[in-house]
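Enquirer:
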Amino acid sequence: MALPTDCKALLSAPVQAQLGDLPLNSPAYGPSGVQGDGSLICIWADPRSDTTNISTTISRKARGEALDLLNGLVKTQGFSCYTPDKGTRCEKEWPDAQYPVTDGRTLFWRDDVLIDTRYSNLAPTGFTSSIIASIFGS
């Protein structure tokens, strides 16, 4: 299975609508788009904003390495995990250290593909599920 190469194509129209006109992959946030190793980094954020952003990295991750990562997040950072969509999903939210907003991270692993999303003050409904459907078709 090839990793995706188009950030916008990952999201359904309803999820894209929730992001509105938020810039995608602004150079202000460093590397984004397709990387040398084939991974894809997608960053929706306005450089004029201190918070309000969501970034996703889609990469290859072998089963053992992925399970070590996810189990480590459970043990050391209190993430919660469950097994939807034929994969493993782990997530956690917390109050931002500086602003009165919620930050969080959601990871989903299936078939040696890891979807790793971090967000601050922006958690569109169906975001991860839309990416899962785009990649795996279910």
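Read in order, the letters of the sequence shown are residues 7 to 144 in the numbering used here.
For glycine and all other residues, C-beta sits at the position ideal for the given N, C-alpha and C.
It should be emphasised that the depicted structure is a prediction, and the values quoted were computed from it without experimental measurement.
Using DSSP with H/G/I as helix, E/B as strand and the rest coil, what is D74?
Expert: helix
Enquirer: Out of E97, K92 and L30, point me to the one whose CA is closest to K81's CA.
Expert: Sorting E97, K92 and L30 by C-alpha distance to the C-alpha of K81 places E97 at the top.
Enquirer: Please report the distance separating the alpha-carbon of I49 from that of T63.
Expert: 9 Å
Enquirer: I believe T58 touches V40 by the beta-carbon criterion, under 8 Å. Please report the beta-carbon distance rounded to the nearest angstrom.
Expert: Not quite, the Cβ-Cβ distance comes to about 25 Å (not below 8 Å), so this is no contact.
Enquirer: For Y125, which residues from the same chain have a beta carbon less than 6 Å from its beta carbon, with the 5 sequence-adjacent residues on both sides left out?
Expert: I60 and G110
Enquirer: Per DSSP, which residues does K98 bridge with? Please list them.
Expert: According to DSSP, K98 shares a beta bridge with R111.
Enquirer: Pick helix, strand or coil for S136, following the three-state DSSP scheme.
Expert: helix
Enquirer: Round the Cβ separation of D122 and L113 to the nearest angstrom and send it over; I've been treating them as touching at under 8 Å.
Expert: 5 Å
Enquirer: Going by DSSP in three states, L16 sits in which element: helix, strand or coil?
Expert: helix
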